[in-house]
Amino acid sequence: MIELMRTNDSVLLSVAEALMKEAGIIYFIADTNMSILEGSLGVIPRRFLVEEDRLDEARRYLIDAGLEHELKDHDE
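Letter by letter, the sequence shown follows residues 1 to 76 of the UniProt record's numbering.
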């Protein structure tokens, strides 16, 4: 699994989940329990992970949905 994005926005996470489910891309939202433990301060963002071999496809779905500004830069 590889990180697609990192956010505290539950609506954004729901949209990304729906897009990945529709595309049949396996995903995992990491740090959910840590995010809940710290409360609503937004200090610990949740990481949205996808299958590494389908990263480009997952990125394309988010870009097509107008969410390119949320994507992690993998060129670093």
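Glycine included, every Cβ here is placed at the ideal spot set by N, Cα and C.
Given the structure is predicted, the values throughout are model-derived calculations rather than measurements.
Buried/exposed call for residue i, threshold 16 Cβ in 10 Å
i	result
VAL50	buried
PHE48	buried
Reference residue i, options the options, closest by Cα
i	options	result
VAL44	THR7, MET1, GLU3, ILE2	Per the sequence shown, the amino acid found at residue 44 is Ile instead of Val. Per the Cα distances, THR7.
ILE2	GLY24, GLU17, GLU52	GLU52
ASP31	GLU57, HIS69, SER10	SER10
Span separating the alpha-carbon of residue i from that of residue j
i	j	result
LEU19	ARG46	17 angstroms
HIS74	LEU4	9 angstroms
HIS69	LYS21	21 angstroms
GLU57	SER14	18 angstroms
ALA65	PHE28	19 angstroms
LEU67	ALA16	9 angstroms
**Q.** Complete runs of the alpha helix (DSSP H) confined to the segment 12-72 [at least 4 residues]
**A.** Correct list: 32-37, 55-64.
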